[in-house]
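Residue numbers (my numbering): 1 to 323.
We put the beta carbon where it would ideally sit given N, CA and C, even for glycine.
Just so we're clear, the structure is a prediction, and the values are computed from it rather than from any experiment.
Notes for the one structure printed next.
Have a look at this one:
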């Protein structure tokens, strides 16, 4: 048979169409009016719609949920520029909301998809149709999402005190160091408030360590409530906490200390059959150019805290570099 005979061309066309139907990817062919000219078996199986029912129908009329304006722009660009265009699941999780069908991705809410838009040229070089290939990338997407979530959780754990959910000492002090460096450039004021739960050992001795843990958790919850989202709150160690009050001088920081003392004075920690009351001692220091390191800032705030405890506890002491 002549390789150029009509029968040979028809057989070759049938072979190509048969191949397209067996591909484990979706294939759609659209003309310039967005009419469907090919809808392969992958698309039939996942949409429940047959090619014979969709032939020459406008894809945006059949699927009004498609991102019409955005996808039209994509398709039109392929016609105009005669270049491929790509859509990844990170840009848009899917074009067609199909159910996932792979066993290991049973918890996926839908089939994540990548798509490639290809210009289909006629013999005279004109682009009369655009092919859209739909790839099921659910396995890869779920794997990447899971890895990102795990990394986020790991990062959170590395920064957070497990008992109180405040920043742990290492991360809190790193943020303090960053603020200290920022001050050297901007001279924007910030204040450091260190505090300690008074007679915490007695709480553990009298009520038990689980009760002491509950006191620490409720103390942490109050610290979050009375501070701004821009403030940096951490557990410095044991029953000692630190708050970095961003863009606040010592006088402005008194609003926080007053709210904190008021909340603590009204707090009753209930554990089993016990009701626990406690007080706190505080030391406050505003940042100063006289500090050579952030450790000196902490040391002066700790010195102020120590004076509060030495002078009877349940009080605030403010120290500056001139004191």
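- Taking C-beta separations shorter than 6 Å and ignoring five residues to either side along the sequence, the partners of residue 88 in its chain run 114, following chain order.
- Under the DSSP assignment, residue 264 falls outside any beta strand (DSSP E), being part of the alpha helix (DSSP H) whose first and last residues are 250-266.
- Going by beta carbons, residue 169 and residue 112 fall outside the 7 Å limit.
- The residues 85, 117, 119 and 130, in chain order, have a CB closer than 6 Å to that of residue 78 in the same chain once the five nearest residues on each side in sequence are set aside.
- Three or more Cβ pairs closer than 8 Å define a contact, and the segment 258-277 falls short of that threshold against the segment 296-313.
- Taking 7 Å as the cut-off, the beta carbon of residue 134 is found no closer than this to the beta carbon of residue 68.
- Between residue 216 and residue 279, the CB-CB gap reaches or exceeds 7 Å.
- In the DSSP annotation of this structure, the continuous segment of the beta strand (DSSP E) that includes residue 317 starts and ends at 316-318.
- The criterion of a C-beta distance shorter than 7 Å is satisfied by residue 183 and residue 287.
- Straight across, the Cα-Cα distance linking residue 64 with residue 152 is about 36 Å.
- In the structure shown, residue 290 falls within a coil segment according to DSSP collapsed to helix, strand and coil.
- Boundaries of the beta strand (DSSP E) around residue 130: 127-136.
- Using a Cβ-Cβ distance cut-off of 8 Å, the segment 239-250 and the segment 188-201 are in contact, since at least three pairs of beta carbons, one from each stretch, lie closer than that value.
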